[in-house]
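Down below is the structure, laid out as C-alpha cells.
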Amino acid sequence: MNIDYTKEELEFQQEVRTWFKENLPEDVKRKHQIGAPFSKDETVAWQKTLSKAGYFVVGWPEEHGGPGWTATQRYIFDSERAAAGAPVGMSMGVIMLGPVLMAFGTQEQKDLYLPRIKDCDDWWCQGYSEPGAGSDLASLKTQAVLDGDEYVINGTKIWTTYGHHANLCFCLVRTDNDCKQQLGISFILIDMEAEGIDVRPIISIDGEHHLNQVFFDDVRVPKKNLVGAEGQGWTIAKYLLTHERTTIAGVADSKLNFSNLKELAKTQTANGAPLIEDEQLRLKIAEEEIKLLALEYTNFRTLADTAAGRAPGPESSLLKVKGTETQQSLSELRVEMAGNYAYVWKADETVAPAEFLHATEQYNFLRACTIYGGSTEVQKNVVAKMLLGLK
Amino acid sequence: MNIDYTKEELEFQQEVRTWFKENLPEDVKRKHQIGAPFSKDETVAWQKTLSKAGYFVVGWPEEHGGPGWTATQRYIFDSERAAAGAPVGMSMGVIMLGPVLMAFGTQEQKDLYLPRIKDCDDWWCQGYSEPGAGSDLASLKTQAVLDGDEYVINGTKIWTTYGHHANLCFCLVRTDNDCKQQLGISFILIDMEAEGIDVRPIISIDGEHHLNQVFFDDVRVPKKNLVGAEGQGWTIAKYLLTHERTTIAGVADSKLNFSNLKELAKTQTANGAPLIEDEQLRLKIAEEEIKLLALEYTNFRTLADTAAGRAPGPESSLLKVKGTETQQSLSELRVEMAGNYAYVWKADETVAPAEFLHATEQYNFLRACTIYGGSTEVQKNVVAKMLLGLK
Amino acid sequence: MDFSLSSEQKLIKDGVEKFVRNEYDFETRNKIIATEDGFDRALWKQFAELGWLGISFSEEDGGFGGGAIDTNIIMEAFGSGMVVEPYLATVVLGGNALALGGTPTQKEEVLGSVIAGETLLAVAYAETQSRFQLSDVATTAAKSGEQYSLNGEKVVVYGGAWADKVIVSARTSGDQMSEAGITLFLVDAKASGVSVTSYQSMDGARMANIAMKNVTVGADAIVGQLDQGYALLDQVVDSGISALCAEAIGEMNALFQKTLAFVKEREQFGVAIGSFQTIQHRLVDMFMAVESSRSMAIMNALKLSSTDVTERKKAVSAAKVYIGQNSRHCAQEAVQLHGGIGVTEELDIGHYFRRLTLFCGAFGSTNHHLKRFADLSD
Amino acid sequence: MDFSLSSEQKLIKDGVEKFVRNEYDFETRNKIIATEDGFDRALWKQFAELGWLGISFSEEDGGFGGGAIDTNIIMEAFGSGMVVEPYLATVVLGGNALALGGTPTQKEEVLGSVIAGETLLAVAYAETQSRFQLSDVATTAAKSGEQYSLNGEKVVVYGGAWADKVIVSARTSGDQMSEAGITLFLVDAKASGVSVTSYQSMDGARMANIAMKNVTVGADAIVGQLDQGYALLDQVVDSGISALCAEAIGEMNALFQKTLAFVKEREQFGVAIGSFQTIQHRLVDMFMAVESSRSMAIMNALKLSSTDVTERKKAVSAAKVYIGQNSRHCAQEAVQLHGGIGVTEELDIGHYFRRLTLFCGAFGSTNHHLKRFADLSD
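Chains as they are written, first to last, in our numbering: chain G, 1 to 391; chain E, 392 to 782; chain A, 783 to 1160; chain D, 1161 to 1538.
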C-alpha cells in the first residue's frame, strides 16, 4: 500500500502543471476563483484552448482521439487543473455522451460526433428529467413515434442545463408504452435547431440562467440518430449516471475552493484582526480540511478500484453524497466569512469585495447539487438496496 | 403574555425552597449531584421524607390526598426540587398508576392503593413491554385467562424498571385473542410476591441493575384486580403514556445538571487553567444553555396549555424528543470534561475526582432515554400521523 | 404566567394575517420588488391607516402603547408573506431609536410623521471594517462651533435606499473601537454631502451604502446623549433582532406548511412522497424546529424590555443563535424536499430560502451571537 | 499509487480474523475479562508464536520488518472482537518506544522479550493535572551521582495493571509545562517505591495509576536522549493513536454489520424494521461513516512514518478527529436501532459502544485533536 507516484507520473504531473501555468488566462482564473458566471463565448474559448493542447477529452481512449491516460494520470490531471484554478468546463459531450457513443453508437455516429466533441465544435445538452418525474426518471413521458425513417417527438424536458447554449441534445424518449416502464425507453440524438423545439429559460435560485425547459412539438428526428437499439435507453442512462456521479463529487475543485477560503480567512479582517484568529472559525476551517482529507482518500480508493479495472460501483454513490455535502458546506463557510456582504445581490466591487460578491449566489446554487444527478435520498435508497440488501 | 408569578405563587416558591434547604440530606444531594446510584432503602427513606411533608404525590388532587396544586404550582415545585439538587424519586405509583386508578379504578381499589402510594408504603413496577414487542406495544402476548374468580397469567414482561424492588405491579395482559389486537388488552394489578413470579435481573450498559425480566407461570390474580373493564387496557395505556412523556423530558433536572456542569467547567482545570477558558468548550456550554432555554419555554407553553385545561396533546412528543436529546448531550458534555477520567469504571475517589466517577455510567445509561417511554422514532411517527396528517 | 394574546392582540394578528393572505400573495410581491422603488408606498399608507406603524409606541408619542409582543405579531405575519415594506428599518429600528432617545422635538416632528406613514427611516451603523461590531466606528463627527461635520461611509444599511432620514452612528470621541464616544445623529438623506448607493439585497429588498462628506448638522440632530450613543444603538439593534426573529418564525412556518402540503401532493414512484418515512420524520424535524423557535421568539419578546441589560442581551443573542440554526435547517430542508423546483426563481420556496439566509447573517451571524451570549454568561 | 495488501499482509489478515472469529467470541471475551488477571496469558503466548507481536519491528530488532499497515491489520481484526490483550500497550506503545529510542541493550533484552511474549510493557505519561498534554510533566527524576530518583504519580495508564516494565516520562529539567527537559525511563514495575493501583476501564480491560516514591534507576534506564524525551513520546503516542484508529474501524464495522443483520431480522408492526426507509437511510449513514473512516485510517497509516513531523502529527490528529466523530455516531446509532436490548450488558452491542466511547477520549479527545490539527495547519 502506498500513495507514491512513479517517475513517469511525476514527470507527467510537472508537464501538466507547467502547461496550466503558461496557458490559463488570468481573467478566467479570477472569475473562477470568485465564482462569477461565465458566458458561452468565454466557456467555449477556454475549452478550445484545452482542446488544442489535447486536454479536453481527457477520459477518452486513444482510438477515439483521447490521450488514453491511466486512471492515475486522469487523477493527476484533474488535481493539477483544479489546483491551477482552472474551471472544468461544461463538457456534457465529453463526460457523458462520448463514453455512451463509444459503447453503444454506430460507426457513423462515432465518426460524426466524437471528433466534433473533441474539438469543442458542438455544445451538447442532456434531455433526461421531465416535470413531475423528478427522481423517478423511469416514468418519463416524452413520446417518440416512428413515422417512416423519422421519429416524431412530442413532450417536454426540464432542468436542461445550458440548453440555451446547446446545438445538440441527447435525450431519453419513450418508444413503447406497452411494456415495463424501463424497457420502453430509448436514447436519441436531437438537433436543437430542428423545427418544433422551444427552449424556455428557468432562472435559478442564484438569479442566473443555467437551466431550461425544452418543449418538443412534432419534432422530426432521423431514425439513424437512435443510439443503441429501441428500448435500450434505460441501460444506457444507468451506464451514464455512474459516470456522472464520481465527477459531481468534485473533490479536486473543493480542495482548491478550500485553500482559497483559508487564504481569505488569513487576509480578510474583522475588528482589525484576520478572520482566522476567531477560534470558532479557525476550528471550523480545520474541520472542513479534515473532512476533505477523508473525501480525498475515499476518492483514492475508488480510483484504485478503477485503475484495477473494476467499474465504479454503488460506492460512487457515497462519493457523490459526501462530495456534494462538502461543496455545500464550503459555500456556507464563504457566506459566513462574508459577514455583512453576504446580503449583497448582483452588485459590483464598488459595493463589496470581489471575493464575497458571489458568495451567496454560490451558496444558493449549490443547494441543487444534492438534488441533481440523483438526489442524496435516491443515492441512499440505491446503497440500501444494492449494497446493504435492505428491501 | 407574561411569565410573572402572582404574589401567592412567589410565597409558595419561597416555602418550597425553604423546605428543601432544611430537609434535603447532604448525602442524598451529593449522590444525586455526581450521579451515583441509590439503593432501595435510600430511595424509600427520601421519599418518605417527601411524603411526610406532603410533597410526594404532588400531581394529585386534594380528594385523593394530594395537595391539589395548579399547573403553575407543580411547575414551581418541580423547579425548586431540581434546583435544590433533590432527586425526583422512582415513583411509578405516583406518576403513572395514581392517575389511572383515579380515572378508571373501583372505589375499593382507590381506597386500598392510593393511600399506600401516598405514604410510600408500596413500590410499584410497570409490566408493559415484552421481548419481541419493542415499540409495537399492542402486539403483547402475556395471557390472562379467567378461571373462576381469578385470572391465570402466563407470559413474560421485560425492561421492568426496579421490578426487583417492587411488591406490586400494574400490568398489561391479553384477555382476548379473537378481536383487533388493541381491543384484547386489559390492565391488571399483580402482587409481586404471588406464586409463579420469577424476577431475573438485566444489567444495563452502565453496569447497574435497574431492569428486569419478569416471568409469569400460572400466576393467579383475583378478578377484582382488573382496572377498568376487560379490553380497556389499551385506552388506559395510552392515557398513561401521555402523562409519562412530559415527565421524561426532565427539563428542571437538566437545568440543574447544566449549572453543575458549568460550575465544574470553572473549577476544574486543564493545563493550569479552568476548563472554560477553552473557547471550544465555552461555546459548547453556551450552546447547551441556549438549547435549554428553548426547551424551558416550550415546556412553559405546554404548561400554559395544561393550566388552561387542555390535555397535553401530541406536542408532548416534542418535549419528550427534545428533552431526552438534551439529557444525552449534557451527559456527553460531562464525559468530555472528564478527560482521561472518563475511562474509569466503578472506581472510587482515590482513583478519580468524584464529579467524574459516574460520568460515563450516566452517558451510557442515558442512551436508553431515547428508547423507553416510546422511542424517538415512535414519537416522530406519532407526530407525523396525528399532527401533520402524513400517512 | 400567561402565554395567551389579549383580545386587541388577536385583532391585530387576524388583521395582518388577512392582509398578507388576501393582498400580498407571491405574485403581488414579485411585482412590487420589480418596480423601480422596490416597495409599495400605497400599501405603506394603508399600514399607517390601520395603525400598524404606531402600535408599539407609547400613547404620549402618538402610538397605541403596545410592546415587543405586538411588534412580533406583525413581523411574524409579515414574514409569512415576505413583506418587503420597510417596517423593520423605519418602525422598529428608526422608530425605537427616537422613542428611546429622541428629543421632544424629534419625537413630535419625526416619530409622529413615521407613525403617519409619511417619513421613512433607517439606522446606519455598519462600516466596511466593522463587520458585526457596533462599537467599531470610524465615521467621525467633528465639532466646530455649534455644528458637527460628519465624514465616513456606512454600508449595508437596511432600508437605506428608501430612508428620508437616517440615524447614523459617528465618533465624537474615543478610539475607533471604544464603546464610549459614539453619538447618534439624525441626518436628512437629502442633505448636502450625503450620497446613497442603493442596491438589491438577496431577498429582493433594497439596501444602501451611505457615504457622508462634510455633512453638517446641528446639536439638535443628536439622538440620545453625546458620546453615549452605544448603549442606545445596542438596545435599538436588539429590538430589531427580536422583531426579525419573529419575522423568521413566519418564514419558517410558511416553508414548513408549504413543504408539508407539497409532500402530500407530490407523487413519485406512484405514491405521495409524504408516505415515505424518511420524509415524514424530516417534516417532523421541521415542525419541531418551528415550534421550538417560536418558544425562543416569545422568550425574547418577554425579556426585551428588561431593565437588566445583560438579561436582555442574553435573551436576544440566544434567540438569534437558536432561530438562526433552526431556520437554516428549515430553509435547506424545504429546498431539498421540493427538489428541482425548489431551486428556481419561479417558486416562492427559493425566495423564503434567501430571506432566511439573510436573516441568519443579519445584525450578527449565529457565531457572533453565540460568542456574545457566552461572554455575557461567564 | 496502490491500495492493495501484499500477499504476506493478506495472510496476516486472514489469520487474525480467523482467530477472532473462531477463538474469541463474545462469551470467551466475557470469561476472560471476568478473570482476576483480566486477560488471557495463554492467548498472548499464542500471539507470540504466530509472530503477531513482532510483525511491525525491524528484522535486526528481532521482528519481521512490517510497518503501520501491518499493525493496522492486526488492530482492526482485534477491534472486530474487542480483544483485550495488551497489544496496544505492550507492542505498539512500549515496543515502539524501545524500537525508536531504546539502547542496544534495552532492545536486546526487553524488546526481544516482548516479541517472545514474555514481557509486558506500558507507557505512563498522563498525570492528574495534565489531561491530554504530553508536555505537562510534574513527575521528577532527580539525579544524584549516576542514579536518578523518580517521584510522582502517573494516572490512567493503558495496560498499567499488567506491565512488567513501564516507560515513564519524568522531568529532568525545565518547567512543568515545557517540552524540553522531559526524559523517558524504563522502570521495573516491581521496583522498590513503585505502587500500582489497578482498576477496570469501561471496556472491561485494566488500567492503573502508578505512583513512584524515590524509585532509583541508573542512566541505562533512559530510553532515548536525556531531556529530549518529548519528541519520542509524541511519536510513540502518535503510533498508538494510529493503531487505535484501526481498532476503532474494526469495532465500527462490527457494529454496522451486527445492526444491519438485526434490522433485517427484527420484526415490528408485522414487518422487518429494515424495511422502514428511515432505518435504511440510517444504515447507509453508518456504512458511509465506516468507509470514510477506513479511508482516514489508511491515510494515517501511510503518513505515520513520514519524516515530516508536522505532516505526521496532522495526519494523526485528522484521523483521531474524524474517526472519533464517526465512531461516536455509529456507536450511538447502533444502540438506538437495537432499542432496549442495545443498552444491556447481555448483548455485545453495548460493549462495543463502551469501547468506542473510550476510543473517543483516548490519547486526546476529538476537541483536543481538532485544536492540535488547527495549530499545525495555520
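Glycine included, C-beta positions come from ideal geometry on N, C-alpha and C. Since the structure is predicted, the reported quantities are computational estimates derived from the model, not experimental observations.
Within chain G, no residue has its beta carbon less than 9 Å from that of E:Leu-724; the closest one is some 17 Å off. Per DSSP, the beta-bridge partners of G:His-209 are G:Ile-203. Nearest in C-alpha terms to G:Ala-273, of all of A:Val-892, A:Phe-801, A:Val-999, A:Gln-911, is A:Gln-911. When the beta-carbon positions are compared, A:Thr-1139 and G:Val-94 stay at least 9 Å from each other. Residue contact check for D:His-1441 against chain G: a CB pair falls below 9 Å.
Contact with chain A is absent for E:Thr-660, since none of that chain's Cβ atoms lies less than 9 Å from the residue's Cβ. Taking 9 Å as the CB threshold, G:Tyr-128 stays off the interface with chain D. Taking the Cα of G:Ala-229 as reference, the smallest distance to any Cα among G:Asp-198, G:Val-382, G:Glu-263, G:Ser-186 is reached at G:Ser-186. Residue contact check for D:Gln-1496 against chain A: no CB pair falls below 9 Å. Closer than 9 Å to the CB of G:Lys-7 there is not a single CB belonging to chain D. Interface flag for E:Lys-737 against chain D is set, since a Cβ pair is found closer than 9 Å. Counted as a single uninterrupted DSSP element, the stretch harbouring A:Gly-847 is not any beta strand (DSSP E), since DSSP gives it neither H nor E. G:Cys-179 sits exposed, since fewer than 16 C-beta atoms from the chains shown fall within 10 Å of its C-beta. About 48 Å separates the CB atoms of G:Glu-355 and G:Leu-226; that is not less than 8 Å, and the two are not in contact. Shown here, G:Val-57 sits in coil according to DSSP, grouped into three states, outside any helix or strand.
Within the same chain, Cβ atoms closer than 8 Å to the Cβ of G:Lys-262 are found at Ile-276, Ile-285, Glu-289, the five residues on either side in sequence being excluded. G:Val-199 places its beta carbon 9 Å or farther from that of G:Ile-153. Exclusion of the five residues before and after D:Thr-1419 leaves Ala-1494, Leu-1497 as the residues of its chain whose Cβ lies within less than 6 Å of its Cβ. The alpha-carbon of G:Glu-195 is positioned some 20 Å away from that of G:Tyr-128. Close to chain D, meaning a Cβ-Cβ distance shorter than 8 Å, are the following residues of the segment 316-327 of chain G: Leu-318, Val-321, Lys-322. Here E:Asn-690 really is in contact with E:Leu-710; their C-beta atoms are around 6 Å apart, less than 8 Å. Linking D:Met-1459 to D:Val-1476 through their CA atoms gives a straight-line distance of about 9 Å.
Of the candidates G:Arg-74, G:Asp-217, G:Leu-295, G:Asp-121, the residue whose Cα lies closest to the Cα of G:Lys-52 is G:Asp-121. Contact annotation for E:Leu-674 against chain G: Gln-280 [CB-CB distance below 7 Å, chain order]. Under the three-state reduction of DSSP, E:Tyr-763 is assigned to coil, being neither helix nor strand. Going by DSSP, A:Glu-935 is part of the beta strand (DSSP E) stretching over 929-940. For D:Arg-1426, no beta strand (DSSP E) encloses it, and the DSSP letter there is neither H nor E. At least one beta carbon of chain D lies nearer than 9 Å to the beta carbon of A:Phe-1058.
DSSP places E:Gln-498 in the uninterrupted alpha helix (DSSP H) bounded by 498-509.
The Cβ of E:Arg-758 sits closer than 9 Å to at least one Cβ of chain D. A:Val-798 is the residue among A:Pro-886, A:Val-999, A:Val-798, A:Gln-1059 whose C-alpha sits nearest the C-alpha of A:Asp-852.
Chain D places no beta carbon closer than 9 Å to that of G:Ala-82, leaving this residue out of the contacts.
Out of G:Leu-211, G:Lys-238, G:Glu-377, the CA that lies nearest to the CA of A:Ile-1061 is found in G:Glu-377. Put simply, the segment 137-152 of chain G does not touch the segment 109-117 of chain G. Fewer than three CB pairs are less than 8 Å apart. Proximity of G:Arg-301 to chain D, defined by a Cβ-Cβ separation below 9 Å, is satisfied. With a 10 Å radius around the Cβ and a threshold of 16 neighbouring Cβ atoms, D:Gln-1266 comes out buried.
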